Amino acid sequence: MTAIRDHASPDGATMARFHPDFVWGVAASAAQTESRNGRGHSNWDALCEARGAMLDGSTNVLCTHFEERYPTDLALLADAGVQAFRFSIAWPRVQPNGPGAANAAGLAVYDRMVDAMLERGITPWPTLFHWDVPSWAGDFRDRDICQRLADYAEIVARALGDRVQQWIVLNEPNSVALRGYAAQVHAPALNNAESAFAAIHHQNLAQGLAFRALRATLPSGRRIGTTVNLQPVRAEDDLAENQAAAAMVDALWNRAFVDPLYGKGYPALVAERLAPLVRDGDLELIAVKPDFLGMNYYSRIYVRQAPGEVLGIAQGQAPQHLASTAYFHVEPDGLAEMLLRLHEEYGAPEIYVTETGFAMPDPPPHDGVVEDGGRIAHLASYLKAAHSAQAQGVRLKGLFYWSATDNWEWAQGFAKRFGLIHVDRDTQARTPKRSLGYFADCIRHNAALDAPPP
Ligand code: FCB
Numbered sequence: 271m272t273a274i275r276d277h278a279s280p281d282g283a284t285m286a287r288f289h290p291d292f293v294w295g296v297a298a299s300a301a302q303t304e305s306r307n308g309r310g311h312s313n314w315d316a317l318c319e320a321r322g323a324m325l326d327g328s329t330n331v332l333c334t335h336f337e338e339r340y341p342t343d344l345a346l347l348a349d350a351g352v353q354a355f356r357f358s359i360a361w362p363r364v365q366p367n368g369p370g371a372a373n374a375a376g377l378a379v380y381d382r383m384v385d386a387m388l389e390r391g392i393t394p395w396p397t398l399f400h401w402d403v404p405s406w407a408g409d410f411r412d413r414d415i416c417q418r419l420a421d422y423a424e425i426v427a428r429a430l431g432d433r434v435q436q437w438i439v440l441n442e443p444n445s446v447a448l449r450g451y452a453a454q455v456h457a458p459a460l461n462n463a464e465s466a467f468a469a470i471h472h473q474n475l476a477q478g479l480a481f482r483a484l485r486a487t488l489p490s491g492r493r494i495g496t497t498v499n500l501q502p503v504r505a506e507d508d509l510a511e512n513q514a515a516a517a518m519v520d521a522l523w524n525r526a527f528v529d530p531l532y533g534k535g536y537p538a539l540v541a542e543r544l545a546p547l548v549r550d551g552d553l554e555l556i557a558v559k560p561d562f563l564g565m566n567y568y569s570r571i572y573v574r575q576a577p578g579e580v581l582g583i584a585q586g587q588a589p590q591h592l593a594s595t596a597y598f599h600v601e602p603d604g605l606a607e608m609l610l611r612l613h614e615e616y617g618a619p620e621i622y623v624t625e626t627g628f629a630m631p632d633p634p635p636h637d638g639v640v641e642d643g644g645r646i647a648h649l650a651s652y653l654k655a656a657h658s659a660q661a662q663g664v665r666l667k668g669l670f671y672w673s674a675t676d677n678w679e680w681a682q683g684f685a686k687r688f689g690l691i692h693v694d695r696d697t698q699a700r701t702p703k704r705s706l707g708y709f710a711d712c713i714r715h716n717a718a719l720d721a722p723p724p
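Start counting the sequence shown at 271; every next residue gets the next number (the working numbering).
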């Protein structure tokens, strides 16, 4: 590693430089940024309708109107030197009404988006499934959805495979299974263990089938990965039952997704519950050994045993000293911990941090900028943690900040602002935040820079 002097380190400190091929990106998803215009009815539309609105009184009718406004967003990102955009394709836009041939106008939206990224020197990193299911396709309790998702993946691969080099199949199947099928927070808002186990296995299987379809369809040399939200799990205290709960959550949240992907099958703690769902050949299909692993990381999980709850576990007390954003705890060391664990346990895979970011109570724009020093300080600490993992040998290949712009944070609505770019909800005007400038400096130096003094 070269030690260089730079204006960002006036004291002459060594810069925490990443490897030269490190990819600097931002991430977003269709269901959180696109409007409903021109797409079919989805599982998240159904949840909005069932609840009337999300926690902040909003719905997903317009979001950030990304499918029309992406040129503005991309121009700001390109100016900042952002190299890659992880976005998602809306399955309900590609197949709005049923299986079979795609809706040409829907696919054309992504055709244009991909071209617009490439024209600006930004590499497109599409995620095929970032939680929005067309209503006709049902949900993950039903094994038939697996082939439906793989068929949709193949359609997109045929349309974009000539230009898209990097593919991400699923986003956070663990969040979908546990928040959507056990905790009733996300679509389809179910709360029973059987549904959650079915959602675990059927997403893994859908992913295996989609990998097979993509590998058969895409030109050679394309790289296919998938993304899981990985979190070190801690018991809230030393009690044996809470330690057991932590081991169970680690199995359900982390291992039930990553172990079978690398051919290790389901972890013993959950294998029995999953066994009735697993048919001959499933585990072979699931063991795709992706070209890279996407890891989303925000913070650790703290748990305790809770016999009355679905799955017998509940959120536990986190240590009092932890700082928090408007949404999550700030735990940069957990990022390095999880990266090292993946490196050691799964044969040193190539890893991208496909999301990390901070929801903050930002002030409104003033003189064309949003002052978000708190976000910069957190980001600097997470980048340093990522760098320390790379320095310890982890094959960390890139990092995507969540999110490009403020957007619709699922059940929380617009209340949680994660963006490097501020979005005015009434006018849809975009204003860069100070953090976009900090991120641009990091990209320019390919380094985890110190946060500038407040
Ligand atoms: C992740 C999701 C993403 C966003 C961030 C804050 O779990 O993948 O869509 O909601 O959290």
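Glycine is no exception: its CB is placed at the ideal position from the N, C-alpha and C atoms.
Keep in mind the model is a prediction, meaning the values are calculated, not measured.
- Segment contact: the segment 343 to 360 against the segment 392 to 403, three or more CB-CB distances shorter than 8 Å; contact assigned.
- By DSSP's assignment, M565 forms a beta bridge with V498, V623.
- Shown here, K654 sits in a helix according to DSSP, grouped into three states.
- Every beta strand (DSSP E) of 3 residues or more that sits fully in the segment 507 to 582 is shown, in chain order, as 562 to 566, 571 to 575.
- Taking the Cα positions, P489 is about 51 Å away from H591.
- The alpha-carbon separation between G689 and D550 amounts to approximately 44 Å.
- Taking all protein chains shown into account, S465 has 16 or more neighbouring C-beta atoms within 10 Å of its C-beta and is therefore buried.
- The Cβ-Cβ distance between G376 and P366 falls below 8 Å.
- The three-state reading of DSSP puts A699 in coil, since its state is none of H, G, I, E or B.
- Assignment of R356 by DSSP, reduced to helix, strand and coil, places it in the strand class.
- In this chain, V664 is not harboured by any beta strand (DSSP E), its DSSP state being neither H nor E.
- Of the residues V623, P635, F410, the one whose Cα lies closest to the Cα of P602 is V623.
- If you draw a 10 Å sphere on the C-beta of S312, you find 16 or more other C-beta atoms in it, and that means buried.
- The ligand FCB has no heavy atom closer than 7 Å to the beta-carbon of Q501.
- Counting every other CB atom within 10 Å of its CB across the protein chains shown gives H472 a total of 16 or more, marking it as buried.
- Taking A360 as reference, the option from D561, A486, A453, T303 with the minimal CA-CA separation is T303.
- When DSSP assignments are scanned along the segment 286 to 343, the uninterrupted stretches of alpha helix (DSSP H) that are 4 or more residues long and fall wholly within it turn out to be 300 to 303, 313 to 321.
- Taking C-beta separations shorter than 7 Å and ignoring five residues to either side along the sequence, the partners of G643 in its chain run R704, P724, following chain order.
- Residue range 414 to 430 is occupied by the alpha helix (DSSP H) that includes L419.
- Counting C-beta pairs closer than 8 Å gives three or more between the segment 610 to 617 and the segment 524 to 532, which meets the contact rule.
- If the five residues before and after E337 are omitted, its C-beta is found closer than 7 Å to the C-beta atoms of E304, S305, V379, all from its own chain and listed in chain order.
- In this model, R665 and Q436 are separated by some 17 Å (Cα to Cα).
- Within the same chain, P537 come within 7 Å of R525 by CB-CB distance, once the 5 residues on both sides are set aside.
- Unbroken alpha helix (DSSP H) stretches of 4 residues or longer found wholly inside the segment 432 to 497: 463 to 487, given in chain order.
- For I646, the three-state secondary structure derived from DSSP is helix.
- F399 is bridged by DSSP to L440.
- L669 carries a strand assignment under DSSP once its states are collapsed to helix, strand and coil.
- In the structure shown, R504 falls within a strand segment according to DSSP collapsed to helix, strand and coil.
- For V693, the enclosing beta strand (DSSP E) begins and ends at 691 to 693.
- Counting C-beta atoms within 10 angstroms of its own C-beta, G295 has 16 or more neighbours from the protein chains shown and is therefore classed as buried.
- Around the Cβ of S569, a 10 Å sphere holds 16 or more other Cβ atoms; the residue is buried.
- For M630, there is no enclosing alpha helix (DSSP H), as DSSP marks it with neither H nor E.
- Not one heavy atom of the ligand FCB is found less than 7 Å from the C-beta of W314.
- Taken from the Cβ of F670, every heavy atom of the ligand FCB lies 7 Å or farther away.
- Shortest gap from the CB of W678 to any heavy atom of the ligand FCB: 7 Å or more.
- The Cβ-Cβ distance between A429 and T487 does not fall below 8 Å.
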